[in-house]
Each structure stands twice: as C-alpha cells, then as structure tokens.
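Enquirer: Could you have a look at this structure, given as structure tokens, before my questions?
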Amino acid sequence: MVMPSVNSNAPLVSVVIPTYSRSDMLTRALESVNSQTYSNIEIVVVDDNGKGTNQQLETQARVLAFETRPGVELRYVVREKNGGGSLARNTGIDASKADFVAFLDDDDEFLPRKLELQMEPMSDSNVSLTYAHCKGVQPDGTEIYYRRVCNGVPVFEQAYCGCIAATSQWLARKDALRSVGCFSDTPAKQDSILMFKLLIAGFQIRCVPEVLSVYYDDLGTVRISTSGKSLAGELNYDRLIREYSGMFTLNQRRRVEHAMHYRVGLMLVGMNASAEGAVQLLSSFALAPFAFIHKAYRVVGHNAKQALKKLNAHRG
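Mapping the sequence shown onto the working numbering, position 316 (from 1) lands on 1277, and the numbers just tick up by one.
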C-alpha cells in the first residue's frame, strides 16, 4: 500500500460507492480508496440491494470485514429497497460529511494519486468539479484510454460528445451538486445529465490530464447498447439538451442534433429496431455528413480490429 502524505489540514473528501449485486467486486474498489496518497478520506458505501436480501447481507459482511488505514473512515448505508444508481448516489451525498465528494462504481477502481491530484485544482474556489482521464479494460485485457480535455464551462462540448467524463472520474463540491438537484432519477445517462445541469448553471470544471481511474468495460470502447434503459436515459438527456438549444449557435445546434440522432440510431440498431435506427442515422448524416463518416469509420475500424484479434488468437 502507498502510504499517504501527512497533512492534518487536508480537507475531508467523501468517496461515495453505490453497490448492487456485485459484492465480490466491492473489495477491489475499497482497496483502491484505502490506498490513496490523500490523507483525509471518508468512504460511504451505499448498499442498494434492498434491506434484508441475501446480496445485502453478503455486502454487509464484506464491508464490516474490511480494515481501513489511519486517515480513512468507512461508513455503510443500507437503502430499504433498490432504487438505482441515481438514488443510491444521492443517498451517499446526503450521508457524506465532507464538502468534497468523489464517486466510484463498485466494479471500478482509483489509482493511488487520484484524490490528491484532483483536490489541487479545488484550491481555486471558482472550480466546482474536477475530473481526470481513465483507462478502460476489456475482458481480454485490451486497454482503452479516455482522454477528453475540457475546462471552464464547456456546455457545447458536453452536449455534443454525450459525456465529458463518467462519475468515477469526478471530484466535486457538494454544494454545487445540491444546488442543481444532484442526480436525476433516470435509468441511464445520470452522469451526463448532472454534468450538463452543472454547466448550464455556470459551474466551472477542470481537467487533470492524467489517468487516475480504471473502468472495467465488458462491452468495449464502441458500445452499441441493447438496453431499453440505456435508450430511455439517452432520450431523457436529449430532451434536456433541447430545452437549452438557444444557448448554441446555429452551427452548434446542427452538430448537437447530429450527435444525438447518431447515438439514438446506434442504440436502436443494437436493439434490432433497424428501421427506426436507420431513420435516426440518416438524419444524423444529413445534418453533418463528414462528422457522421468519421464516427462510422471509428466504429468499423474498432470492430475490424476486434475481429482480427479474435481470429489471430484462434489461429494461435
């Protein structure tokens, strides 16, 4: 374990870890927070399995058996019934003691200097959220790096790309989160919606351009979701963006609409709704042909690389 630097004046940081049906992965997440070089941490595990269920009792046993180092406090909060990621994270925010809150999914992990490096920009009172790059790991060991750099109040960039950074990359001021209502109760895209709400409220974000978290992705970099929940979340996100389309120039609105149609189109195709998906993708192409071709090229290129890798592995 990397021992933390000694700083008795370091502000407390709460790390909220919502967990549901993955108690076997939770220990790795806890160990990654316990190994932080930052010296003053509160871990808030929010059990969303439902009180009294087998998964809740198993999770409780793992949490109670976990030993924290000096400078780390571990707290365990049980929700009465399963409510989903948004409500679980909001429960964690409410239960946290710190003015600064980070989030970690139970199947992901922090690298040792994450909190230390992300707290440095917080010395600027104008910065309400920092995020860092992350590494995605696929089941076959392939590593994909997510390195999007946005600073200030990049409303257009968030609307266009869909997600500047996921919650496990964040560290935020709690008062900023609360001022915009924290996480919306939506089946997916919770992080995207909250980031957009923060930005349209004028809160500044800052990128720490280092890989400081690990995201374990079962589906890979280019994901065509087959989940109705993912589609519902995307449509909720799109509706929110359209409410504020007046903030954008005409060209920006075209590009944002192109990106939204593209994301929805891919999801529909992945759900075997090919006709509806084709309509969305054609609309995306009509709005921004060159951007569409670039996106499609990335999808085809990624799928071709994955197929070639599997073929070579089979031959070996």
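The C-beta atom is built at its ideal place from N, Cα and C for all residues, glycine as well. All of these numbers come straight from a predicted model, not from anything done at the bench.
Can you check which of these residues, D1067, S1047, N970, R1040, is closest to I1004 by C-alpha distance?
Expert: Answer by Cα proximity: D1067.
Enquirer: Going straight from the alpha carbon of F1064 to that of T1128, what length do you get?
Expert: Whole-angstrom Cα-Cα distance: 6 angstroms.
Enquirer: Pairing CB atoms from the segment 1006-1025 with CB atoms from the segment 1100-1119, are three or more of them under 8 angstroms?
Expert: These segments do not touch.
Enquirer: For S982, which three-state DSSP category applies?
Expert: Note: S982 maps to coil in three-state DSSP.
Enquirer: Just mark I1166 as buried or exposed, buried being the case when its beta carbon has 16 or more other beta carbons within 10 Å.
Expert: The residue in question, I1166, is buried, as its Cβ has 16 or more Cβ neighbours within 10 Å.
Enquirer: Mark L1160 as exposed unless 16 or more other C-beta atoms lie within 10 angstroms of its C-beta, in which case mark it buried.
Expert: Counting Cβ neighbours within 10 Å, L1160 comes out buried, since at least 16 surround it.
Enquirer: Buried or exposed for D1152, going by 16 or more other Cβ atoms inside 10 Å?
Expert: Counting Cβ neighbours within 10 Å, D1152 comes out buried, since at least 16 surround it.
Enquirer: So the candidates are A971, Q1130, T1210, L1243; which of them puts its Cα closest to the Cα of A1120?
Expert: Checking every option, the nearest Cα to that of A1120 belongs to T1210.
Enquirer: With 16 as the cutoff for other CB atoms within 10 Å, does Y1198 come out buried or exposed?
Expert: By the neighbour-count rule (16 or more Cβ atoms within 10 Å), Y1198 is buried.
Enquirer: In chain order, what residues of the same chain have a beta carbon less than 7 angstroms from the beta carbon of Y1177, not counting five sequence neighbours either side?
Expert: Excluding sequence neighbours, Y1177 sits near D1068, D1069, V1098.
Enquirer: Below 8 angstroms CB to CB, which residues in the same chain sit around F1061 once its five sequence neighbours on both sides are set aside?
Expert: So the qualifying residues of the chain are P972, L973, V974, S975, M1080, M1083, L1132, A1133, R1134, K1135.
Enquirer: Please return the same chain residues whose Cβ sits closer than 6 angstroms to the Cβ of F1164, not counting the five positions on each side in sequence.
Expert: So the list reads S1089, A1137, once near-sequence residues are dropped.
Enquirer: Output the boundary residues of the alpha helix (DSSP H) element that contains D1068.
Expert: Segment: none, D1068 is in no alpha helix (DSSP H) and carries neither H nor E.
Enquirer: Can you list the beta strand (DSSP E) stretches of 3 or more residues lying completely in the segment 994-1048, in chain order?
Expert: Fully enclosed beta strand (DSSP E) runs of 3 or longer: 1002-1008, 1033-1039.
Enquirer: Here's a check: name, in chain order, each residue in its chain whose Cβ is nearer than 6 angstroms to the Cβ of K1158, leaving out the five neighbours to either side.
Expert: Cβ neighbours of K1158 beyond the five flanking positions: V1141.
Enquirer: Within 10 angstroms of its Cβ, does V1110 collect 16 or more other Cβ (buried), or is it exposed?
Expert: Under this definition V1110 is an exposed residue.
Enquirer: Report yes if the C-beta distance between S1206 and C1095 is below 8 angstroms; otherwise report no.
Expert: No, the pair does not count as a contact, with Cβ atoms beyond the cut-off.
Enquirer: What number of angstroms, rounded off, separates the C-alpha of V1039 from the C-alpha of V1172?
Expert: The straight-line gap from Cα to Cα measures roughly 31 angstroms.
Enquirer: Helix, strand or coil, according to DSSP, for I1254 in the structure here?
Expert: Helix, per DSSP.
Enquirer: Determine the closest residue to D1055 out of V1007, N970, C1122, with distance taken between C-alpha atoms.
Expert: Ranking the options by Cα distance to D1055, first place goes to V1007.
Enquirer: CB-CB under 8 angstroms to C1124, same chain, minus the five flanking residues each way: which ones, in chain order?
Expert: K1150, D1152, S1153, M1156, listed in sequence order.
Enquirer: Quick one: Cα of L1180 to Cα of S984, how far?
Expert: Reliability of the predicted coordinates at L1180 is poor, the pLDDT of 48 falling under 50, and the value obtained from them is presented with this limitation in mind. Cα to Cα, the separation comes out at about 21 angstroms.
Enquirer: Where does the unbroken alpha helix (DSSP H) through Y1198 begin, and where does it stop?
Expert: Run containing Y1198: 1189-1204, per the alpha helix (DSSP H) assignment.
Enquirer: Tell me which residue opens and which closes the beta strand (DSSP E) that E1171 is part of.
Expert: First-last of the beta strand (DSSP E) with E1171: 1165-1177.
Enquirer: Which stretch, first to last residue, makes up the beta strand (DSSP E) that contains G1097?
Expert: First-last of the beta strand (DSSP E) with G1097: 1088-1098.
Enquirer: Report all residues from its chain with a CB closer than 8 angstroms to the CB of R1050; omit the five preceding and five following residues, and keep chain order.
Expert: The residues are V977, P979, V1007, F1064, T1128, C1143, F1144, Q1151.
Enquirer: So what does DSSP say about I1125, is it helix, strand or coil?
Expert: DSSP places I1125 in coil when its eight states are reduced to three.
Enquirer: In the DSSP assignment, find the beta strand (DSSP E) that holds R1134 and state where it starts and stops.
Expert: That run of the beta strand (DSSP E) goes 1131-1134.
Enquirer: Only counting the same chain, and skipping five residues up and downstream in sequence, which positions put a Cβ closer than 7 angstroms to that of V1116?
Expert: Answer for V1116: L1160, I1161, M1208, listed in chain order.
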